[in-house]
Ligand SMILES: [Zn+2]
Ligand SMILES: [Zn+2]
Ligand SMILES: [Zn+2]
C-alpha cells in the first residue's frame, strides 16, 4: 500500500532579519496578529513517508521545537545566505534520533559555501565530538528521494544564484522558490503544470535581490499554478492587508500554515 501523504508546512515565512525586526516599533512589528510574526524562511515537506527540510535558518531549532519536527530524511539548501543556512548545526539531533547520516542536497556553489562555513562537519563520527553527520550531494539535474522526484530550479538572486525546488509525487507537485529577483524562462518552463507554487515577495518597493509583490504576481501568472503562496515577506507587509489585495488563487503564507498538495 502506498502512502498518499503530500503536505508542505511553512516553518518560517520572513525575510532575512525576521519579523518583528530587532529595534522596530512599526505597526507590523508590534502587531497582535500572530501571522505577522515571521521566522526566517524554511519549509518542511511530508511526502509519501519522506520528511524533507528545505533550508535550515538561524531559527531552525526553535522551529523544530514549535512545530514538533521529529524526523528529517533529507535536507535541501536553496543558497548559502545566513538566513537560510545558519541553523544547519542542529541537524545533529536528527542524526542521534534516527541513528543515520542525513543526506544534504545543494548545487555546486552553495555546497562549497556550506562546507566552507561548516568545515567541521563530515560523514563519519569522531570519538568525543558531537557534530552533525551529513552526506553531501551536489545536484544539478532532477534526482530522487525515495519515490519523490526533485527538480532543481535555478533563479537569479541579486548578483548570485539561488536554487528553488520542484517536488513531484503521485501525480501531484509543488514548487518552492524563496529568494529570487529574476526567474529565467527555462525555470518557468520547469514549473509549468505545478499544482501549488510558493514564491518570494519581499515588499511593494523595488529591491535588488528579491521580487516585489507585483513582480511575484506577474511571475505566478506565467507559472499558472492553481494555488500560490507568497513567502520571504518583510515588515512592510501586514498579513491581513496584503491578503485582501491579492487575486484569487494567491495567498499570503504564515508560520505554521500546512498546505495539502
Ligand atoms: Zn533569504
Ligand atoms: Zn517593523
Ligand atoms: Zn538570499
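Residue numbers (the numbering used here): 1499 to 1759. Ideal Cβ placement from N, Cα and C applies to all residues, glycine included. Every value quoted in this text rests on a predicted model; they were computed, and no experiment measured them.
Return the residue from the list the options that minimises the CA-CA distance to residue i.
{"i": "residue 1637", "options": "1617, 1662, 1629 and 1734", "result": "1662"}
{"i": "residue 1498", "options": "1681, 1617 and 1569", "result": "Examination of residue 1498 is not possible in this model, given that the chain is present from 1499 through 1759 alone."}
{"i": "residue 1571", "options": "1608, 1645, 1529 and 1717", "result": "1645"}
{"i": "residue 1716", "options": "1744, 1594 and 1654", "result": "1744"}
{"i": "residue 1488", "options": "1688, 1564, 1565 and 1700", "result": "The question about residue 1488 has no answer, for the chain in this structure spans 1499 to 1759."}
Going by the beta-carbon positions, is the gap between residue i and residue j smaller than 7 Å?
{"i": "residue 1844", "j": "residue 1512", "result": "Nothing about residue 1844 can be reported from this structure: the residues present for the chain run from 1499 to 1759 only."}
{"i": "residue 1727", "j": "residue 1696", "result": "yes"}
{"i": "residue 1579", "j": "residue 1553", "result": "no"}
{"i": "residue 1737", "j": "residue 1531", "result": "yes"}
{"i": "residue 1759", "j": "residue 1670", "result": "yes"}
Tell me the rounded alpha-carbon separation between residue i and residue j.
{"i": "residue 1516", "j": "residue 1693", "result": "28 Å"}
{"i": "residue 1651", "j": "residue 1664", "result": "7 Å"}
{"i": "residue 1631", "j": "residue 1550", "result": "16 Å"}
{"i": "residue 1613", "j": "residue 1619", "result": "7 Å"}
{"i": "residue 1569", "j": "residue 1593", "result": "10 Å"}
{"i": "residue 1611", "j": "residue 1576", "result": "12 Å"}
{"i": "residue 1621", "j": "residue 1615", "result": "16 Å"}
{"i": "residue 1682", "j": "residue 1624", "result": "43 Å"}
{"i": "residue 1499", "j": "residue 1642", "result": "Residue confidence is low: residue 1499 scores 46 on pLDDT, short of 50, so the model does not pin down where it sits. Its coordinate-derived value is still stated next. When rounded, the distance between both Cα atoms is 20 Å."}
{"i": "residue 1546", "j": "residue 1505", "result": "9 Å"}
{"i": "residue 1524", "j": "residue 1629", "result": "40 Å"}
{"i": "residue 1539", "j": "residue 1514", "result": "8 Å"}
{"i": "residue 1676", "j": "residue 1709", "result": "10 Å"}
{"i": "residue 1598", "j": "residue 1502", "result": "25 Å"}
{"i": "residue 1541", "j": "residue 1674", "result": "9 Å"}
{"i": "residue 1723", "j": "residue 1600", "result": "31 Å"}
Of all Cβ atoms in chain B, is any one closer than 7 Å to the Cβ of residue i?
{"i": "residue 1658", "result": "Absent from the structure: chain B. Only one protein chain is present."}
Assuming residue i contacts residue j (C-beta within less than 8 Å), just tell me the rounded distance between them.
{"i": "residue 1555", "j": "residue 1508", "result": "Incorrect: roughly 12 Å between the Cβ atoms, too far for contact."}
{"i": "residue 1653", "j": "residue 1685", "result": "6 Å"}
So is the beta-carbon of residue i under 6 Å away from any non-hydrogen atom of ligand 2?
{"i": "residue 1708", "result": "no"}
{"i": "residue 1582", "result": "no"}
{"i": "residue 1679", "result": "no"}
{"i": "residue 1732", "result": "no"}
{"i": "residue 1695", "result": "no"}
{"i": "residue 1524", "result": "yes"}
{"i": "residue 1527", "result": "yes"}
{"i": "residue 1598", "result": "no"}
{"i": "residue 1519", "result": "yes"}
Taking 6 Å as the cut-off, is the beta-carbon of residue i closer than that to any non-hydrogen atom of ligand 3?
{"i": "residue 1579", "result": "yes"}
Return yes when at least one heavy atom of ligand 1 lies under 6 Å from the C-beta of residue i, else no.
{"i": "residue 1514", "result": "yes"}
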